[in-house]
Every structure is written in structure tokens, then in C-alpha cells.
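Peer 1:
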Amino acid sequence: MLFPKNLYYTENHLWLRKIGLYDFCIGITDFAQKEIGEIHLIEFSPQEIIRKEDPWGAVYGINKTFQLLAPCDCKIMEVNKNATIKPSYINTDPYNCWLFILSTNISTDEFLTYNDYIEITK
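For any residue, its number in the working numbering is found by taking its place in the sequence shown, counting from 1, and adding 592.
(1) With a threshold of 8 angstroms on Cβ separation, who are the neighbours of ILE712 within its own chain once the five nearest residues in sequence on each side are excluded?
(2) Taking the CB atoms as reference points, tell me whether TYR614 and LEU608 lie closer together than 8 angstroms.
(3) Tell me where the beta strand (DSSP E) around PHE616 begins and ends.
(4) Check GLU603 in the structure and name its three-state DSSP category.
(5) If you scan the stretch 609–663 from start to end, which runs of the alpha helix (DSSP H) of 4 or more residues do you find wholly inside it?
(6) Starting from the C-beta of ARG643, find all residues in its chain whose C-beta is less than 8 angstroms away, skip the five residues before and the five after it, and write them out in chain order.
(7) Quick check on DSSP: helix, strand or coil for LYS673?
(8) With 16 as the cutoff for other CB atoms within 10 Å, does GLY612 come out buried or exposed?
(9) I need the straight-line Cα distance from SER637 to ILE668, nearest angstrom please.
(10) Using CA coordinates, which residue listed in ILE641, ILE710, PRO686 and LEU660 is at the minimum distance from GLU630?
(11) Keeping to the same chain, check which residues put their C-beta closer than 7 angstroms to that of ALA650; ignore five residues upstream and five downstream.
(12) Rounding to the nearest angstrom, what Cα-Cα distance links TRP648 and GLN639 in this structure?
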């Protein structure tokens with residue numbers, strides 16, 4: 593499985609790419625997309641402000657449904673509409689098909705590093 597070293601991760605298999613002082617792109621990891629199988633639908637919650645561990649959507653695949661849980665207290669800045677139009681793109685390129693952009697003021701220390709994430713996926 594592929595896990596880029598320059599990203600942050602969560603225990604519920606999300607990746608985070610820092611794109612600004614307080615902003616991150618978020619997607620699901622290669623590990624998650626393999627567990628889900630071919631993805632055919634993504635749904636997002638309409639709420640703008642979400643709390644850590646709150647559900648904010650779901651990814652539906654051939655093998656299972658994957659509940660998307662907020663990685664931290666944050667504000668949703670943008671949803672990737674292309675991901676909802678062609679959700680199977682996540683299966684072919686999980687680290688370039690982001691789901692949404694969030695803004696938060698928490699430290700990146702709250703997330704897993706590459707090495708931490710490797711350990712939980714063994």
C-alpha cells in the first residue's frame with residue numbers, strides 16, 4: 593500500500609495535506625479505499641462547522657460503507673464536487689482526489705505522522 597510521507601493521517605484512515613496556515617485538503621487513504629472496494633457514491637453532510645469525530649459523510653463501495661468522521665473541530669471551506677461526480681477516481685488515485693478543504697487552528701501534532709500510520713495499518 594502507498595502512504596505518502598509528506599501527509600498527516602488519522603486513525604480512521606483519512607489523510608490531510610497542509611495547504612495554508614490553517615487549511616488542509618482531506619481524503620481517504622489507500623488502505624481505506626482498498627477496504628471499501630470500488631467506490632460508487634460519496635455523500636457529505638451539509639453542515640459547515642463540525643466537531644472532532646462527528647460524522648460528516650459516507651463513502652459507499654462494493655465491499656462496505658465507510659463513515660467519514662471529522663478529524664478535528666473545523667470549518668468546511670470547500671467540498672470537491674468532482675469527487676461526488678466520479679467517486680471511483682478515489683480508487684485509482686486516493687491521494688490526489690481530495691474530498692474537502694477544512695480550516696482549523698489545531699496543531700498538526702493532533703494527527704498521525706507517516707510512521708505512526710504505518711504502525712496502525714500493519
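Ideal Cβ placement from N, Cα and C applies to all residues, glycine included.
Peer 2: Quick look at the numbers:
(1) The answer, listed in chain order, is GLU603 and LEU704.
(2) No. Outside cutoff.
(3) 615–620 is the extent of the beta strand (DSSP E) around PHE616.
(4) Annotated three-state conformation of GLU603 is coil, per DSSP.
(5) 622–628, all fully within the stretch 609–663.
(6) Only residues of its own chain outside the window of five on either side were considered, and among them ALA662 and ASP665 have a CB closer than 8 angstroms to the CB of ARG643, listed in chain order.
(7) In this structure, DSSP gives LYS673 a helical state, which the three-state scheme calls helix.
(8) The C-beta of GLY612 has fewer than 16 other C-beta atoms within 10 Å across all chains shown, which makes the residue exposed.
(9) The C-alpha of SER637 lies about 10 angstroms from the C-alpha of ILE668.
(10) Nearest C-alpha to GLU630: PRO686.
(11) Around ALA650: GLU635, THR657, PHE658, GLN659 and LEU660.
(12) About 8 angstroms.
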